[in-house]
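In our numbering, the protein residues as written are 92 to 177. For every residue, glycine included, the Cβ atom is placed at its ideal position computed from N, Cα and C. This one's a predicted model, so the numbers in the text were calculated from it and none came from an experiment.
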């Protein structure tokens, strides 16, 4: 397995199916997923910065920050929907 595979080991669906599955989860769970993805990209940015790749690290930090913003929006969506969830 490569360091950056082009698939998820054990997942048989398409990337579109995966995106839809994550998007269809309860919004609090989707928020948590987005946060974990943001955390991992931040971790990768830190590692690339230490390896002397500042341009790559900068882009990964930017993507991570955007995901944290998306996570916050999902939290707000969850607060709207939560009273209506069973």
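Check                                                                                                             : Outcome
Neighbourhood of residue 184 by C-beta, 6 angstroms cutoff - its chain only, sequence neighbours within 5 removed : Past the edges of the chain, shown from 92 to 177, lies residue 184, and the structure says nothing about it.
Rounded straight-line distance, which links the Cα of residue 149 to that of residue 141                          : 12 angstroms
Three-state secondary structure (DSSP) of residue 99                                                              : coil
Any alpha helix (DSSP H) of 4 or more consecutive residues that is wholly inside the stretch 108 to 150           : 118 to 141
Which of helix, strand or coil DSSP assigns to residue 165                                                        : helix
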